[in-house]
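K.L.:
2 protein chains.
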Amino acid sequence: MPMDMTAEHTLPALQKRPRGRPRKSDEDRGDGNRRGELLRSAARLFRRKGFGGTSTRDIAAATGMRSGSPFYHFESKQALLYAVMDEGMRSAISKQAAAMQQAACPGAGSSRGLAPVAQLRALIRNHFDILLGHGNDFIPVMLYEARSITRSQRAALAHLQGEYEAPWIPVLESLREGGLLKADVKIARLLIFGALNWSVQWFDRRKGASLDELTEQAMQLFTGTS
Amino acid sequence: MPMDMTAEHTLPALQKRPRGRPRKSDEDRGDGNRRGELLRSAARLFRRKGFGGTSTRDIAAATGMRSGSPFYHFESKQALLYAVMDEGMRSAISKQAAAMQQAACPGAGSSRGLAPVAQLRALIRNHFDILLGHGNDFIPVMLYEARSITRSQRAALAHLQGEYEAPWIPVLESLREGGLLKADVKIARLLIFGALNWSVQWFDRRKGASLDELTEQAMQLFTGTS
DNA sequence: CCTACCGATCGGTAGG
DNA sequence: CCTACCGATCGGTAGG
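Residue numbers (the working numbering), protein chains in the order written: chain A, 3 to 228; chain B, 3 to 228.
#1: Straight-line CA distance for residue 124 of chain B to residue 227 of chain B?
#2: Applying a beta-carbon distance threshold of less than 7 Å, which residues of chain B neighbour residue 146 of chain A?
#3: Quick one: which residues of the segment 159-184 of chain A get their C-beta closer than 8 Å to a C-beta of chain B? List them in chain order.
#4: Contact criterion: CB-CB distance below 7 Å. Does residue 80 of chain B meet it with respect to chain A?
#5: Quick check on residue 71 of chain A: does DSSP put it in helix, strand or coil?
#6: What did DSSP end up calling residue 213 of chain A once you bin it into helix, strand or coil?
#7: Please list the residues of the segment 49-61 of chain B that have a C-beta atom closer than 8 Å to any C-beta atom in chain A, keeping them in chain order.
#8: Please identify, using Cβ separations under 9 Å, the residues of the segment 133-144 of chain A that lie next to chain B, in order along the chain.
#9: Name the chain A residues whose beta carbon is nearer than 9 Å to that of residue 216 of chain B?
#10: What residues from chain B crowd round residue 219 of chain A, counting only those whose CB sits closer than 8 Å?
#11: The alpha helix (DSSP H) that contains residue 186 of chain A, what's its start and end?
#12: Verify whether the separation of the beta carbon atoms of residue 120 of chain A and residue 105 of chain A is less than 7 Å.
#13: Provide the residue span of the alpha helix (DSSP H) that contains residue 65 of chain B, from first to last.
#14: Inspect the CB distances between the segment 73-93 of chain B and the segment 156-164 of chain B and report whether three or more fall short of 8 Å.
#15: Against chain A, with Cβ distances strictly below 7 Å, would residue 83 of chain B count as a contact?
#16: Exposed or buried, what is residue 7 of chain B when buried is set at 16 or more other beta-carbons lying within 10 Å of its beta-carbon?
#17: Determine the burial state of residue 190 of chain B: buried for a count of at least 16 other Cβ atoms within 10 Å of its Cβ, exposed for fewer.
#18: Determine the contact status of residue 172 of chain B and residue 102 of chain B, defining contact as a CB-CB distance below 7 Å.
#19: Would you give the residue range spanned by the alpha helix (DSSP H) that residue 170 of chain A belongs to?
#20: Looking at the ligand ZN, does it come within less than 6 Å of residue 160 of chain A, judged from the CB to the closest heavy atom?
#21: Near residue 86 of chain A, which residues of its chain fall below 7 Å by C-beta distance, leaving aside the five closest residues on each side in sequence?
#22: Report the CB separation of residue 204 of chain A from residue 182 of chain B in whole angstroms; it is logged as a contact under 8 Å.
#23: Cβ of residue 126 of chain B within 7 Å of Cβ of residue 217 of chain B?
#24: If you follow the alpha helix (DSSP H) that residue 200 of chain B is part of, which residue opens it and which one closes it?
#25: Tell me, please, whether the CB atom of residue 152 of chain A is closer than 7 Å to any CB atom in chain B?
#26: Are any of the Cβ atoms in chain A nearer than 7 Å to that of residue 66 of chain B?
#27: Using a Cβ-Cβ cutoff of less than 6 Å, which residues in the same chain neighbour residue 60 of chain A once the five nearest sequence positions on both sides are dropped?
#28: Give the interface partners of residue 223 of chain A over in chain B, defined as CB-CB distance under 7 Å, in chain order.
#29: Please report the Cβ distance between residue 84 of chain B and residue 155 of chain B, rounded to the nearest whole angstrom; I am assuming they are in contact, meaning their Cβ atoms lie under 8 Å.
#30: Under 6 Å Cβ to Cβ from residue 79 of chain B, same chain only, skipping five residues before and after it: list those, please.
#31: Determine whether the beta carbon atoms of residue 147 of chain A and residue 76 of chain A lie at a separation below 7 Å.
#32: Can you tell which of A/208, A/222, A/37 has the C-alpha that lies nearest to the C-alpha of residue 135 of chain A?
#33: Rounded to whole angstroms, what's the CA-CA distance from residue 194 of chain A to residue 185 of chain A? Just pull it up for me.
#34: Do residue 117 of chain B and residue 197 of chain A count as a contact pair if the criterion is CB distance below 7 Å?
#35: Counting only Cβ pairs nearer than 7 Å, list the residues of chain B close to residue 211 of chain A.
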């Protein structure tokens, strides 16, 4: 094992007393509560004012902390931004998996031709929910602040994005084969994600169409069916 | 003439020596050159690092100026951002008008049914050019930094955006009536602009499809024709 | 997680 | 457009 760490290995395992600042051993239990609050505040502010336009003091104040305290939970402002994006992607992936499971079951016995349409509808509807459901600032931040993380952080996120996009591909291919999708699948996917992602710029929950109506219109636009 | 300026008027016209700061009377001639260079540098940096992540010193350095000099041309950093967006929109509007004029002439005598398809193609092709042509950072900045300008500045830009979008509406309505566009025109317009605008996030001039191919695929996706 | 603090950088200005 | 500068704010840290 190449990792030869500190002498702590040799110490008795009972409650190693942290000198200086206590180390957090697990990230999402115990006081992971405050960490979660920080993430939510940060997501909201990063979205509203941008990464460069938000100070760590803003975030601390919005969470009810003093200016230095965010750095107990996160190494740096950038690490906080990355954590927002990472959390957003993981949550999106698990929501999408749940949505697909639901969409698969009811139509299990029905006609084989209808399946890809229903699946695309489920994917789009879920995507709108992730983008536009209230309190969902994580994904918008990820979509619009990618330039503020490092190249390797971006690579890690790209991996998660690939995971998220994976279920879309066979669905789009089925539609293409069935003649309902007229464009090249790879480019169609990019254009479709663009159309959906852009909705965070104009969608107003308080007026206009519902997410269901939006989904129907998107289905009409891309496949001519609904 | 309401402009009653300084006593400089009474001095001999040879090389009026500016005390304090010389006033610029016109904005885009004479040394408007440097102003334009500032705009281009600012657009590039705002796009790459965001408004909050770019310092006025960065912009000055990229233009070959000292740190205080941008403020000779612009009241504030925000005014510089707004000028980038305003210039971007005006340029886009005039480019679009030229593209539409070209698209209208050749098909003047041809079949009436083909026109809206050709017009949408011209609009989309031109839009890709505005977004993805090299050196065109102005519109991407406008698309992704809107939150960093004031409400009234946003309102002024919205007016220009309305002007830009105007020619799209009758074209989309024709296509809808002709059965080639299946979605509601208002929502379709928003989704289509999203699909196109998002391309600034993934399009790579050095590889992949050309703008012509991209346009064809977009036409296929939205109208099923090309 | 708070207190107290540091060095760096920032937007902007006076004056020429 | 440069020089020289200011007050404010910023990300981050030591120490408890």
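Every residue gets a Cβ at the ideal spot worked out from N, C-alpha and C, and that includes glycine.
P.N.:
Straight from the coordinates:
#1: The C-alpha of residue 124 of chain B lies about 14 Å from the C-alpha of residue 227 of chain B.
#2: By Cβ distance, chain B contributes 146.
#3: Taking a C-beta cut-off of 8 Å against chain B, the contacting residues of the segment 159-184 of chain A are 183, 184, listed in chain order.
#4: No - not a single Cβ of chain A is within 7 Å of the one on residue 80 of chain B.
#5: Coil.
#6: Looking at residue 213 of chain A - three-state DSSP - the assignment turns out to be helix.
#7: So the close ones are 50, 51, 52, 53, 54, 55, 56.
#8: Closer than 9 Å at the C-beta level to chain B, one finds no residue of the segment 133-144 of chain A.
#9: Simply 189, 193.
#10: Simply 185, 186, 189, 190, 193.
#11: For residue 186 of chain A, no alpha helix (DSSP H) encloses it, and the DSSP letter there is neither H nor E.
#12: In this structure, residue 105 of chain A lies closer than 7 Å to residue 120 of chain A by Cβ.
#13: For residue 65 of chain B, the enclosing alpha helix (DSSP H) starts and ends at 58-65.
#14: With the rule of 3 Cβ pairs closer than 8 Å, the segment 73-93 of chain B counts as touching the segment 156-164 of chain B.
#15: It does not; no Cβ of chain A falls within 7 Å.
#16: Caution applies to residue 7 of chain B, whose pLDDT of 34 falls short of 50 and renders its modelled position unreliable; the model cannot decide the point.
#17: Taking a 10 Å sphere around the C-beta of residue 190 of chain B, we find 16 or more other C-beta atoms and assign the residue as buried.
#18: No.
#19: Element bounds for residue 170 of chain A: 170-179.
#20: The model on display carries no ligand, and the ligand ZN is accordingly not part of it.
#21: The beta carbon of residue 86 of chain A is closer than 7 Å to those of 41, 44, 45, 48, 140, 143 in its chain, skipping five residues each way along the sequence.
#22: Contact doesn't hold; Cβ gap of about 24 Å is too wide.
#23: Residue 217 of chain B is positioned such that its CB atom lies closer than 7 Å to that of residue 126 of chain B.
#24: Unbroken run through residue 200 of chain B: none, as it is neither H nor E.
#25: Taking CB atoms only, residue 152 of chain A has no neighbour in chain B less than 7 Å away.
#26: No, its Cβ sits nowhere closer than 7 Å to a Cβ of chain A.
#27: Counting only Cβ-Cβ distances below 6 Å, and skipping sequence neighbours, we find 47.
#28: Result: 184, 185, 190, 193, 224.
#29: Right, their Cβ atoms sit about 5 Å apart.
#30: Short of 6 Å from the beta carbon of residue 79 of chain B, and not among the five residues preceding or following it, lie these beta carbons of its own chain, in chain order: 58.
#31: Taking 7 Å as the Cβ cut-off, residue 147 of chain A and residue 76 of chain A do not qualify as a contacting pair.
#32: With distances taken between Cα atoms, residue 135 of chain A lies closest to A/208.
#33: The alpha-carbon atoms of residue 194 of chain A and residue 185 of chain A are separated by roughly 11 Å.
#34: No Cβ-Cβ contact shorter than 7 Å links residue 197 of chain A with residue 117 of chain B.
#35: 189, listed in chain order.
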